[in-house]
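Q:
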């Protein structure tokens, strides 16, 4: 039986949010689709956009939930139920404000870390045992009393032109790593991702 990987990038749908730091999961999925000339089609029953491709004997299924970030779990639960898969087949791509921009953190399981998208997924599928790839977006300089407002502005702000260039490197590294998942020792891949830096 061929290997399957379910790659789910989190974000908010709509032009307003398209280039936001919070939408790094969407931007990743769109980059993969662009690389392979794929079209993302609506899958209403799964509350998402979807496409797939096959390489290195792996069938990659790509998803962009259209439920808005805070309800990402609705789409992920529908995907799990439809394909009848264990959550360990999932790779969730998300932003992380606690990581410097460009750093990557791969975890096989864990809590939400305060990320509302991950929190929604955990609440809906009732487990923390799914893989997640966090991509650092950095934290904004702020005064303590204005921390929340500055954080929201930063997360929902757009990437700079310099950051967009670095995203190309970041996405390329993640794509290469996922496509080698069944051909190279996983711990080696995880170590390489977690030591990656654009600087």
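In the numbering used here, the protein residues as written are 529 to 727.
C-beta atoms are modelled at their ideal positions from N, C-alpha and C, and glycine is treated no differently.
The structure presented is a predicted model; accordingly, all values stated were derived computationally and were not measured.
DSSP three-state label for residue 599, please.
A: Here residue 599 sits in helix by DSSP.
Q: Just the Cα atoms here: how many angstroms apart are residue 681 and residue 530?
A: Roughly 43 Å between the two C-alpha positions.
Q: Locate the alpha helix (DSSP H) running through residue 699, then write down its first and last residues.
A: Run containing residue 699: 689 to 707, per the alpha helix (DSSP H) assignment.
Q: Quick check on the burial criterion: 16 or more other C-beta atoms within 10 angstroms. Buried or exposed for residue 665?
A: Buried, because 16 or more other Cβ atoms sit within 10 Å of the Cβ of residue 665.
Q: Could you tell me the boundaries of the alpha helix (DSSP H) in which residue 556 lies?
A: 552 to 563 is the span of the alpha helix (DSSP H), which, as asked, contains residue 556.
Q: Going by C-alpha to C-alpha distance, which of 582, 655, 684, 549 sits closest to residue 708?
A: The residue with the shortest Cα to Cα distance from residue 708 is 582.
Q: Measure the beta-carbon distance from residue 552 to residue 663 and round it to whole angstroms, keeping in mind my assumption that it falls under 8 Å.
A: Yes, they are in contact, since the Cβ atoms of residue 552 and residue 663 sit about 5 Å apart, within 8 Å.
Q: Counting only the same chain and skipping the five closest in sequence on each side, list residues whose C-beta sits under 7 Å from that of residue 605.
A: These residues qualify, in order along the chain: 652, 653.
Q: How should residue 562 be labelled, buried or exposed, when 16 other C-beta atoms within 10 angstroms of its C-beta is the threshold for buried?
A: Result: exposed.
Q: Tell me residue 531's beta-bridge partners as DSSP assigns them.
A: Answer is 586.
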